[in-house]
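Q:
Protein chains: 2
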Amino acid sequence: LPDKPPDTQGWALLLEYDGTGFAGWQRQGQLPTIQSVLEAAGAKLGCPAPCIAAGRTDAGVHAAGQVVLMHLPGRLPAIRVRDALNYHMKPHSIVVREVTAAPAGWNPRFSAIGRHYRYRILDRRARPALDRNRVWHVHHRLDVGAMQEAAQSLLGRHDFTSFRAAGCQAKSPVRTLDRLDVTRSGDEIIIIAEARSFLHHQVRNMVGTLALVGAGKWPVAAVGEALAAQDRRRAGPTAAAEGLCLMSVVYDVDPFAKGPGSCLGQRVNV
Amino acid sequence: LPDKPPDTQGWALLLEYDGTGFAGWQRQGQLPTIQSVLEAAGAKLGCPAPCIAAGRTDAGVHAAGQVVLMHLPGRLPAIRVRDALNYHMKPHSIVVREVTAAPAGWNPRFSAIGRHYRYRILDRRARPALDRNRVWHVHHRLDVGAMQEAAQSLLGRHDFTSFRAAGCQAKSPVRTLDRLDVTRSGDEIIIIAEARSFLHHQVRNMVGTLALVGAGKWPVAAVGEALAAQDRRRAGPTAAAEGLCLMSVVYDVDPFAKGPGSCLGQRVNV
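Top line first, the protein sequences correspond to chains A and B. Counting from 1 along the first sequence, just add 259 to a position and that's the residue number in the working numbering. Counting from 1 along the second sequence, just add 259 to a position and that's the residue number in the working numbering.
(1) Residue range of the beta strand (DSSP E) that A/Thr-279 falls in?
(2) Any heavy atom of the ligand ATP within a distance shorter than 6 Å of the CB on B/Trp-477?
(3) Assuming A/Asp-342 is part of the alpha helix (DSSP H), what are its boundary residues?
(4) In the DSSP assignment, find the unbroken beta strand (DSSP E) run with B/Leu-381 in it and report its ends.
(5) Determine the DSSP secondary structure at B/Gly-288, reduced to helix, strand or coil.
(6) So A/Val-462 contacts chain B; which residues on that side make the cut at Cβ distance below 8 Å?
(7) Is B/Ile-215 close to chain A, meaning its C-beta is less than 7 Å from at least one C-beta of that chain?
(8) Find out if the Cβ-Cβ distance for the pair A/Thr-316, A/Trp-270 is shorter than 7 Å.
(9) For the beta strand (DSSP E) that contains B/Ala-323, what are its first and last residues?
(10) Quick one, are the C-beta atoms of B/Ala-322 and B/Tyr-378 less than 7 Å apart?
(11) Between B/Val-327 and B/Leu-272, is the Cβ-Cβ spacing less than 7 Å?
(12) Less than 7 Å between CB atoms is the rule here; does B/Glu-275 satisfy it with respect to chain A?
(13) How is B/Gln-294 classed by DSSP in three states: helix, strand or coil?
(14) A/Gly-415 lies in the alpha helix (DSSP H); which residues open and close that run?
(15) Residues of chain B with CB closer than 7 Å to the CB of A/Ile-353, please, in chain order.
(16) For chain B, is any of its Cβ atoms less than 7 Å away from the one on A/Asn-345?
(17) Does B/Gly-502 come out as helix, strand or coil in the three-state DSSP assignment?
(18) Going by DSSP, what residue range makes up the alpha helix (DSSP H) through A/Val-512?
(19) For a test of the three-state rule: what should DSSP assign to A/Val-479, helix, strand or coil?
(20) When we look at the beta-carbon of B/Pro-291 and count the other beta-carbons within 10 Å, is it buried (16 or more) or exposed?
(21) So the alpha helix (DSSP H) B/Leu-469 belongs to, where does it begin and stop?
(22) Rank B/Ala-410, B/Glu-357 and B/Cys-306 by C-alpha distance to the C-alpha of B/Asn-464 and give the top, closest one.
(23) Output, in sequence order along the chain, the residues in the region 478-510 of chain A whose CB is closer than 8 Å to any CB in chain B.
(24) Quick one: list the residues of chain C neighbouring A/Ala-300, beta-carbon separation under 9 Å, in chain order.
(25) Taking the continuous beta strand (DSSP E) assigned at B/Ala-361, which residues delimit it?
(26) Can you find the residues in the same chain that come closer than 6 Å, C-beta to C-beta, to A/Pro-307, ignoring five residues on each side of it along the sequence?
Here it is, written out as structure tokens:
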């Protein structure tokens, strides 16, 4: 864990962003990234150090509930921190939904005990008009029942090498998938994925593989076989970034919760 | 009803569009409108006459299920009509979801027996990032319970003069409101409004009035009193266009329904 810069207060930020047009969360030189926009806003308030996010979302991936730690000098009220950051991030499609003082030793990434992602597929002939850049557009109808059945074969603790990006930096390919539910709502398929943590591209690689089953190109049983093969070449392609959204990050104690159960017993989102 | 142009086939189109940046449905000289984009695409296929929509949505208002009648020469398959119109409407955020041959005498506006609208309010301090241009942003939390209670006083057959735009061209201000439900989902308030037809700005004026109740500026009973006054000055302001979406238009027989219950017994959205 990085040390807390001296004379600063650590703030937990709850972030929402539209990932369209950004090269992902992480700072990458001069490319537009979520981190670079947030840190530029933080710099206006004297932020001396890089921010840490719970999950480093890829280019084009969205967040409704990313969690970030930012250090700021002085003793600003939480509401002022939120409003000032939002002011300085205009007109970018990034906002701080809530802010709360971070407890000592808390780290958004290593303290997290769960990540919830949502993946949206629009499976119809006409391209999306209202949900452009929010859904993966698949031109033909997919069989949601078959996708849901196949998804269940990925639940539990496994070596997910078959669904791991080549550049993934995690030490171990073993993860425990707690939930992978595939449901339909009209012309849209919604996939909810929950785990303590995911490998790089794991959700998108699982979705791309399930889409093969939904299209009738793969039998349901092939998904479990791809998992067992522990070989990236045995699973399906990576689903498009724009369908993915980091919905929430789970902690033992929700830093943003209202009331005495909160780490601060303080609600800042009035 | 306009006559059917000779040697043409009438097509019922199910349209989805993002109303952002458009001056509404209706053709208005050189302004960008949904109708002008659709008719320009239709002209490529030989469309000889104006299209008719079930509801003339205002500037910035969206549709997930607008219904339009377009006449085209020849006997194209429905799927070709849909794909050709979508091709010619690129890159505008307007798509034809489905196409079906219109029965003789069918008119999308006068044959309709119901309109379903959804209105979305984001009531939190931080501006919308993911739903920019899709929700009305209200900076303070609204009381949904009070809004729902007040909404029920508008149900039924009434003179809705208090909620009618000055320029409304309807002959009578009397409408029958079948449903007005206000519910919360996280930081969002969703209002579902259903009636055979609505006056101009009626949904947005009802929402703007309910928001006064939600903000605690008006007591619940004031909404029924505003209705009874039959005076536009007695009701609240017009809610923002971007929160409104025409979800669906109801007909005795759904022209887009699959199977033998359809007006054609034919499903075109493969």
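For glycine and all other residues, C-beta sits at the position ideal for the given N, C-alpha and C. Quick caveat: nothing in here was measured; it's all calculated off a predicted structure.
A: Let me lay it out:
(1) No beta strand (DSSP E) contains A/Thr-279, which DSSP labels as neither H nor E.
(2) You won't find the ligand ATP in this model; it holds no ligand whatsoever.
(3) 337-348
(4) 373-382
(5) coil
(6) Simply none; closest approach about 18 Å.
(7) No information on residue 215 of chain B is available, as it lies outside the stretch 260 to 529 that chain B covers here.
(8) no
(9) 321-332
(10) no
(11) yes
(12) yes
(13) helix
(14) Element bounds for A/Gly-415: not the alpha helix (DSSP H) but the beta strand (DSSP E), 415-418.
(15) Ala-388
(16) yes
(17) helix
(18) No alpha helix (DSSP H) holds A/Val-512; DSSP gives it neither H nor E.
(19) coil
(20) exposed
(21) 461-473
(22) B/Ala-410
(23) Cys-504
(24) The structure shown contains no chain C; its protein chains are A and B.
(25) First-last for B/Ala-361: undefined, no H or E at that position.
(26) Pro-264
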